[in-house]
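Numbering (UniProt numbering), first residue to last: 1 to 227.
Glycine is no exception: its CB is placed at the ideal position from the N, C-alpha and C atoms.
Computed from a predicted model, the values in this text were never measured in an experiment.
Below is one structure, written out as structure tokens, with a few remarks after it.
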């Protein structure tokens, strides 16, 4: 396994770009304590593709504490073998939005019963932990996975005044994702919540509501034009 890990890391390091590495923080807000090579996401995906699904290699790549290696882990892990304990252990080490969102979008939302982790994660105090809860909720909605989305809206409302950047944007992402579902009741409920938040006396809640309403209006106009 060590040889395979070293081979993947060597391939990643060879694709590293100084420009990409130095721009991650200032341009994209990706700040991490992990080692970074500066590999564009498209190249990370290209390196991951021939590796197939491999739970053991994914665990080993996660343990490298290399930013791109951890991205590889999300791309090659087998959702059928991922446990909630593994999800929670990895989540506890998230220190930037890109790793958080990629984990939820590429892997976590495919794990059986993943929706059960939404509520406990959204109740965490740390910024990335809470972000992970809302990112997972958003990805479940976008990928049409089973979840209690009405309860999810209540969780969003409960966090609507959290002004930390990555929590605020995570909750907003989840609200927009639920509002984009085909279920008329969910669409109506998401729009009702956005309308309520838009007139809140709290600045962060108001931003959340107004931004979601703009997204809904844009999507509705696009759908109307296509029909």
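query	result
One question on the structure: do residue 55 and residue 34 come within less than 8 angstroms of each other, judged by their Cβ atoms?	no
Throw me the rounded Cβ distance for the residue 52 and residue 61 pair, which I believe falls under 8 angstroms.	Wrong, their Cβ atoms sit about 13 angstroms apart, outside the cutoff.
Excluding the 5 residues flanking residue 152 on each side, which residues of the same chain have their C-beta closer than 7 angstroms to its C-beta?	118, 137, 174 and 178
Whole angstroms is fine: what's the gap from residue 74's alpha carbon to residue 25's?	21 angstroms
Taking the alpha carbon of residue 167 as the point to measure from, which residue in 126, 185, 195 and 141 has its own alpha carbon closest?	126
According to DSSP, is residue 66 helix, strand or coil?	strand
Thinking just about the alpha-carbon of each residue, which of 32, 112, 113 and 97 is nearest to the one in residue 134?	97
If you draw a straight line from the C-alpha of residue 128 to the C-alpha of residue 225, how long is it?	38 angstroms
Tell me the DSSP secondary structure of residue 35 in three-state form.	strand
Taking the alpha-carbon of residue 123 as reference, which of 115, 109 and 158 has the nearest alpha-carbon?	158
Unbroken alpha helix (DSSP H) runs of length 4 or more, entirely within the segment 123 to 202: which are they?	127 to 142, 149 to 158, 165 to 179 and 184 to 198
Just the Cα atoms here: how many angstroms apart are residue 149 and residue 59?	31 angstroms
Measure the alpha-carbon distance for residue 185 versus residue 142 and round it to whole angstroms.	16 angstroms
Can you tell which of 180, 218, 171 and 183 has its C-alpha closest to the C-alpha of residue 197?	171
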